[in-house]
Structures are given as structure tokens and as C-alpha cells.
Amino acid sequence: MTNQKDFEKIERAAARRKTVINAVIYILLGFWALMVLFPFYWMVLTSVKSYASYNSEYIPKFFTLSPTMQNYVDAFTAVPLGQYFLNTLVFTVATTAIMLIVIIPAAFAFARLQFRGKNVLFTLFLSLMMIPNELVVITNFVTITNLDLRNSFTGLILPSITSVFYIYLLKENFAQIPDELYYAAKVDGTSDFKYMLKVMIPICRPTIITVTILKVIECWNSYVWPRLITDNEAYYLVSNGIQEIRENGFGRENIPAMMAAVVVISVPLIVLFLIFRKKIMEGVARGGTKG
Amino acid sequence: MKVVLQNLTKKFPNRNKKEAGEVIAVNDFTFEIPDGKLIGLLGPSGCGKSTTLNLISGLQKPTSGKIFFGEDDVTGLPPEHRGIGLVFQNYALYPHLTVRQNIIFPLQNLKGKNKLTKEQMDEKALEIAKLVQIDGLMDRKPSELSGGQQQRVAIARALVKMPRVLLLDEPLSNLDARLRLQTREEIRRIQRETGITTVFVTHDQEEAMSISDMIVVMKDGIIQQIGAPQEVYDNPVNLFVAKFLGTPPISVFEGCVRAGKLYIGDDCIMDVAGIDDQDVYIGIRPEGFILDGDGPLCCDLKGVEVMGRDITIVSTHDGCMSDEIRSIISSDYKVSVNTDQVRFSLKPHKVHIFSKTTEMRLSGN
């Protein structure tokens, strides 16, 4: 009987400890979520404050009692935001698509093919990752200018159609596919290219989707390069375009309208993430090979 | 389709580049696989049997020598053009495809006049799936199948394009004992039904002997013996083959031949005519022992294992090179466990004599 009581005691203590630990974890997580979500709240809040009330608040308020949609209208009328949107879309889709076409065969070659100097070349590639982006921007600017590609989509897209890091990421992923699958595919009569297309890409789909999404976000958010290479409004991306939103009378930045524009351009990314959330998390398919 | 291997040699460079020399995985391999037969390539691990298979499949290129399929020299042909089916040890199914898609995969790669319509492919896939009895699992992914089912899918995939040669690389080693027995019968049945020349690699001698028309025993890249399983078992050419085949293994004694008589220690165990006086190894198959109170071979009894159908007598002898001698006798005999010693006489055709220097078999008249 005494034993029974002891066990109950231990059980209760364990349950209590678990509750405490859970409480601590959830408090920390809640705090973290608040930190992460607050800027978004601030963005949406600012976008619904009127220009006048925004500027009259000496200390910004955490809420507004008279939300307005006027800023959204302003954002689209003050500057050709629709045009910028389209530019960004073209830039993002083209860059991402071309990059995938470039990096997948590159990763395949490094992971699967045998050729002279493969390791040396790959090491050189990796060492490129050490060079900071800002340094490359200058030489890229000179190159693109000399090629007379300023204010063109080619000039915008060209420098970012490859990525050493993504090649590396994908190569590691490809290399995990067992050799037997390659041999089996060979015996089944596929060429190297077909093997890449029909076996490697489907198996590594989660990684490829992740890379795609990261690249889309990178393109969508890119600021420095488009700013440097374009001074013609027809080629502005949203990130640069919204800088042009100003209050007509004073020529000052119309911050609430800018925030409205930011909300509009953030929505596609958030939707994209929500749709592909599961795909991003999905583990690499396994199970075809045992042992 | 007969397969001919002519002076086939495969050398691998030494892994340590500073050291000279190379590893010879397959050494001067010459042999002909008759049409429609099932051949077992048998040997301990690292003896070059998988390399031989890879050479036949074209996944590796021989250092020298030639391979013929029928009359065609295929030595330089890449694997995708050889028309072979290959089943891997770990099956190598495409994890992202269903069973049906896995089986159809080789058909989708056919080109030119061999190209099939989708209906023809489905039909062929179903036909072959019925043959290996997985037609109820066509829409599952490989990860949803058991080991035995995966193995059948792998065989179906290899068979669906009607290969000229089917190659199996230790296909049963991932299965449990019962399934292994069942599946090897299955492979035998499928091979008989399709009549495809098949090469089967295994390190399990029982497996090889039970299903092969012919076995090839290899050691260190060199063919030791080729023949029908029973023939190789009954007439091993050397000590290695004798020791490699048979469970329980053959018991090997040190002995000598003196004036036409065979001695283990001081006991003369039988007459051997036609062998010169010399030191020899004597291999005796477990079933070669006859329990005989007046027999010439006297061993210390260690124990008796009753198997129902027969009895295994475990004993020791000073002249024996292994720790114990296992002899199988019919359960009709009653063995008294209370004695210290047991005496055997021997069946002459189960006793093999090998030269101590060359380890080759010596045969008398």
C-alpha cells in the first residue's frame, strides 16, 4: 500500500513539473511570437491611419479609432504601383525560373557526373561564397553598364541567375540519393538528363521548392541592385517604387500610403508561404531502398 | 541468349595512391552461360562476384577481355543499350513512383519502333505484376510495401522489358529466412516460365545450390569450379570449394598417405590406391560418417543434437583442423550419450583427399 502511495506521489510531482515547464515554454514562445508579429501589426496599423492623424501623433498610438482605406487608394494613384507590381512579378518569375534552369544541372553535374577537375572547380565555387555581396555589386554595375544594359530587364536579371549557395544545397541533396537508383535508371535505359528530370528532381522536390521560395522572397525584396541599375520609372520594382510615394503638397514621404503599399506587396509572399508551408517542411522521400 | 565471358579482367587502382599495385577484382574470367539457364555466382564476400555482374550489366567497364550476348560483342556497349534486367540487393525502387509507375519506367524509355502506347504499357505492367503476384498493390508507393513485396516489384521492373539477360545481385539477403526460401522458389519459377538467361549472385551456398542449373564458385576474382550443384558438391576440385559448399561444413583432418593407405594420426582409416605417399588434408562430408563400433576413426564424443529426421553427432579429434566434427546420421541409430568415445567408419565417396601443398584434390583410381 505504501508503495502505491509513493508512486502516486511521484506521478503527481512529474505532472506538476510538466505543467510548469510547459507554462514557461509557452510564455517564452508567446513573447517571441509577439516580437515577430508586432512589426506586421504596426505596418497594418499605420496603413489605416489617415495622413493627418499619423502626422499629428507626436507619440505614435498603438491603435486607431478612425481607420481609413484612403491610403490604399493613394498608394495606387500617387505612383504607378500596378506597373511596379508587374515589373516585380516579371523580374521575380524570370530570375527564379532561369536560376532553377542553371543551378539544377550544375548541382547534378557536381553530385553525379565524373569529370576532370570537379573537386577543384567546386572548391572554387564555394570560395566565391566568401566574397561579400557589396563587393560584387560594384563590378557587376560596371559590367552591366559597359554592356549598355542599364534600365532593362536583362540588366536587372542577369547578375542573380545563379547562386553558389543553392547549387551547394542542392548538390548535397542530390548526393544523398543512393547510387543504386542511378544504376537502376541506367539499366532501365535512361540518359543522364532524363534521370535528373524523372528521378532526381521528383525525389528532391522539397529542397527545390524551398530554394524556389527563398529565391522568390529574395527577388521580391531586392533593393540595392534594382536601385543602382534603374533610374527609369518604367523599370522600377515595388521596393524602389514605394520610395516615390510622397504627399503632393509638401513633397514629404507619405508614410501611411507607403505602409499601405507595403501591405499590398507583402500579401503575395504570405499567401505563397501559407500555400507551400507543408511542402517546405516535407522531408525527403525515403523508403524505396532498404538496408 | 547465351552469354560468353572471354578473359574478362577488372582491375581497380589502389585506393592509396602512393602505394603501387592494383586490386584485381576479376581475374581472367572465361566462361559461357548457356541460353535459358540460371547460373549462381557463388563466393565469399569480396571475391569479385558483384563486380562480375556489373561487368555483364555494363555498369563497369572491364580492364581487358570481352563480353558477348549471343553473337554480339557488347563489351563497349553502355548498360542502357544492352537489354538487361538488374535487381539490386536493396531493390533500388524509385521512391517517388507507385508500383505501377516503377514497373512502367523501363518501358517509357523505349525509343523508335519499340515505343509503346500507354495502354500497351499498362497491359504489360499488369501482366508482369501478375507473374510476380503483386497485381493487387499497383497503386502503392515502395515505402508502403514489405521487403518481400519490394523485391517482387524490383524483379517485375527488371523483367517487364523482356531483357535478354536477367541479373540478380544478392536479391534475397534483405529478407527473413522463411521469405527467403519462398522467394527463391519464386525466382526459380519465374525464370523457368520466362526462359530468360539469369545470373544470380549470392554468398549463401545453400541458396545457390538449391535454385541454380549451374554454379560458379569464385575466390579472389578467380573461378575455382564450374558445374552442376551436385557435381561440384560431390567432386570439389580443391579444398576451398569443399569447405565452401555444404552445411554443416566438411570436416578437414590432417593426415598422410603411406603405401596406398590413408592415415589420420596413427589410425589407418581406408585404402587409397593410386596416390603417392605424401602429407594430405582429408575432407569428410558430415553424411560420410557411419556409426560403427569397429570403425577405424575414433573420436571423443562431445554431444548429440537431435533434429528429428536425423541426428548430428558432435565430436572432436586431435587431427581435425576445426574445433569439432559434425556428422549427420539417420535417426534410426540410437546413440548412447554416456560413452566418451564414438567410432566411425567412412563412406569412401564422401571422403576427399587434398594435397597439402597445392590444396588441389588428389584422386586415386
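In order, the protein sequences belong to chains A and B. Residue 38 is where the first sequence starts when you use the working numbering, and the numbers rise one by one after that. Residue 107 is where the second sequence starts when you use the working numbering, and the numbers rise one by one after that. Where a beta carbon is used, it is the ideal one built from N, C-alpha and C, also for glycine.
### Query
Which chain A residues sit within Cβ distance under 8 Å of E186 (chain B)?
Your numbering for residue 186 (chain B) matches position 80 in the second sequence. Per Cβ cutoff of 8 Å: K223, V224, D225, G226, T227 and S228.
### Task
Could you list the residues in the stretch 292 to 308 of chain B with a C-beta less than 7 Å from some C-beta on chain A, going in chain order?
none
### Task
Would you tell me roughly how many angstroms separate the C-alpha atoms of L118 (chain A) and N108 (chain A), rounded to the nearest one?
Position 81 of the first sequence holds residue 118 (chain A). Position 71 of the first sequence holds residue 108 (chain A). Each residue's alpha carbon lies about 13 Å from the other.
#### Entry: Residue span of the beta strand (DSSP E) that contains F137 (chain B), given as start and end
If you number the second sequence from 1, residue 137 (chain B) lands on position 31. Segment E128 to I139, the beta strand (DSSP E) holding F137 (chain B).
### Query
Of the choices B:T289, B:I431, B:D382 and B:Q331, whose alpha-carbon is the least far from that of T353 (chain B)?
Position 247 of the second sequence holds residue 353 (chain B). Of the listed residues, the one whose Cα sits closest to T353 (chain B) is B:I431.
### Interface partners of V236 (chain A) on chain B, CB under 7 Å
Counting from one through the first sequence, the residue named residue 236 (chain A) turns up at place 199. Result: Y200.
### Alpha-carbon to alpha-carbon, K252 (chain A) and W262 (chain A)
Walking along the first sequence from the start, residue 262 (chain A) turns up at place 225. Walking along the first sequence from the start, residue 252 (chain A) turns up at place 215. The straight-line gap from Cα to Cα measures roughly 15 Å.
### Task
Check each candidate in B:D385, B:I240 and B:L213 and name the one with the smallest Cα separation from D228 (chain B).
The residue given as residue 228 (chain B) occupies position 122 in the second sequence. With distances taken between Cα atoms, D228 (chain B) lies closest to B:L213.
### Query
Along chain A, in chain order, which residues have C-beta atoms closer than 8 Å to that of I190 (chain B)?
Counting from one through the second sequence, the residue named residue 190 (chain B) turns up at place 84. Chain A residues near I190 (chain B): V224.
#### Entry: Sequence-distant residues of its chain with Cβ nearer than 8 Å to Y339 (chain B) (five each side left out)
Within the second sequence, residue 339 (chain B) is the residue found at index 233, counting from 1. Same-chain partners within the cutoff: M315, L351 and G352.
### Message
Tell me the rounded alpha-carbon separation between F77 (chain A) and V300 (chain A).
### Response
Indexing the first sequence from 1 puts residue 77 (chain A) at position 40. Indexing the first sequence from 1 puts residue 300 (chain A) at position 263. Each residue's alpha carbon lies about 9 Å from the other.
### Task
Specify the secondary structure class of V304 (chain A) as computed by DSSP and reduced to three states.
The residue given as residue 304 (chain A) occupies position 267 in the first sequence. In this structure, V304 (chain A) counts as helix in the three-state DSSP scheme.
### Query
Which residues, in chain order, does the stretch 145 to 177 of chain B contribute to contact with chain A at a C-beta distance below 9 Å?
N160, S163, G164 and L165
### Cα-Cα separation between L65 (chain A) and W79 (chain A), rounded to whole angstroms
Counting from 1 along the first sequence, the entry for residue 65 (chain A) is found at position 28. Counting from 1 along the first sequence, the entry for residue 79 (chain A) is found at position 42. The straight-line gap from Cα to Cα measures roughly 21 Å.
#### Entry: Contained beta strand (DSSP E) runs [length at least 3] in the stretch 375 to 456 of chain B, N- to C-terminal order
384 to 390, 395 to 397, 403 to 412, 416 to 422, 431 to 436 and 447 to 452
### Query
Below 9 Å between beta carbons: does that hold for I296 (chain B) and L243 (chain B)?
Looking up residue 296 (chain B) in the second sequence gives position 190. Looking up residue 243 (chain B) in the second sequence gives position 137. No, these two residues do not count as a Cβ contact at 9 Å.
### Message
Does chain B have any CB closer than 9 Å to the CB of F313 (chain A)?
### Response
Stepping through the first sequence from its first residue, residue 313 (chain A) is reached at position 276. For F313 (chain A), the answer is no, since every Cβ of chain B falls outside 9 Å of its Cβ.
### Query
The alpha helix (DSSP H) with L265 (chain B) in it runs from where to where?
On the second sequence, position 159 is the one that residue 265 (chain B) refers to. Residues G253 to L265.
### Query
So with Cβ pairs under 9 Å, would you call L278 (chain B) a contact of chain A?
Counted from its first residue, the second sequence places residue 278 (chain B) at position 172. Not an interface residue.
### Cβ neighbour criterion (16 or more within 10 Å) applied to Q255 (chain B)
Stepping through the second sequence from its first residue, residue 255 (chain B) is reached at position 149. Looking at its Cβ environment, which holds 16 or more other Cβ atoms inside 10 Å, Q255 (chain B) is buried.
### Message
For chain B, check one thing: does any of its Cβ atoms lie closer than 9 Å to the Cβ of L165 (chain A)?
### Response
The residue you call residue 165 (chain A) lines up with position 128 of the first sequence. Not an interface residue.
### Task
Go ahead and label R206 (chain B) buried or exposed: buried means 16 or more other beta carbons lie within 10 angstroms of its beta carbon, across all protein chains shown.
The residue labelled residue 206 (chain B) in the question sits at position 100 within the second sequence. Buried is the call here.
### Query
The beta strand (DSSP E) spanning N113 (chain B) covers which residue range?
For this step, residue 113 (chain B) is matched to residue 7 along the second sequence. Start and end: V109 to P119.
### Task
Starting from the beta carbon of E255 (chain A), find every residue of chain B whose beta carbon is closer than 8 Å, and list them in chain order.
On the first sequence, position 218 is the one that residue 255 (chain A) refers to. Correct list: empty, because the minimum Cβ distance to chain B is about 28 Å.
### Given Y203 (chain A) as reference, the closest of A:Y95, A:P169 and A:L137 once Cα atoms are compared
If you number the first sequence from 1, residue 203 (chain A) lands on position 166. Per the Cα distances, A:L137.
### Query
Counting only beta-carbon atoms, is K231 (chain A) nearer than 9 Å to chain B?
By 1-based counting over the first sequence, the position of residue 231 (chain A) is 194. Chain B contact via Cβ: present.
### Task
Taking I292 (chain A) as the query, report the chain B residues whose CB atoms sit under 9 Å from its CB, ordered along the chain.
Sequence index remark: in the first sequence, residue 292 (chain A) carries index 255 (1-based). Per Cβ cutoff of 9 Å: no residues; I292 (chain A) is ~49 Å from chain B at best.
### Query
Taking the continuous alpha helix (DSSP H) assigned at I332 (chain B), which residues delimit it?
The count along the second sequence starts at 1 and reaches residue 332 (chain B) at position 226. Looking at the DSSP string, I332 (chain B) is not in any alpha helix (DSSP H); the run it does join, the beta strand (DSSP E), is I328 to G333.
### Assigned exposure category for K208 (chain A) - 16 Cβ within 10 Å defines buried
Taking the first residue of the first sequence as position 1, residue 208 (chain A) is located at position 171. Under this definition K208 (chain A) is a buried residue.
### Where V173 (chain A) falls: helix, strand or coil (DSSP)
Counted from its first residue, the first sequence places residue 173 (chain A) at position 136. DSSP places V173 (chain A) in helix when its eight states are reduced to three.
### Query
Can the beta-carbon of I190 (chain B) be found less than 9 Å from the beta-carbon of G218 (chain B)?
The count along the second sequence starts at 1 and reaches residue 190 (chain B) at position 84. The count along the second sequence starts at 1 and reaches residue 218 (chain B) at position 112. Not in contact: I190 (chain B) and G218 (chain B) (Cβ atoms no closer than 9 Å).
### Task
Compare the Cα-Cα distances from D373 (chain B) to each of B:F135, B:I417, B:V347 and B:F450 and report the closest residue.
For this step, residue 373 (chain B) is matched to residue 267 along the second sequence. The shortest Cα separation from D373 (chain B) among B:F135, B:I417, B:V347 and B:F450 belongs to B:F450.
### Task
Verify the CB distance criterion: does K221 (chain B) have a CB-CB separation below 9 Å to chain A?
Position 115 of the second sequence holds residue 221 (chain B). It does not; no Cβ of chain A falls within 9 Å.
#### Entry: Backbone secondary structure at C362 (chain B) - three-state DSSP
Within the second sequence, the letter at position 256 stands for residue 362 (chain B). C362 (chain B): strand per DSSP, three-state reduction.
### Reduced DSSP category for H202 (chain B) - H, G, I as helix; E, B as strand; rest coil
Numbered from 1 along the second sequence, position 96 holds the residue referred to as residue 202 (chain B). It is coil, neither helix nor strand.
### Query
So who's on the other strand from F113 (chain A), going by DSSP bridges?
Position 76 of the first sequence, counted from the first residue, corresponds to residue 113 (chain A). In DSSP, F113 (chain A) forms no bridge with anything.
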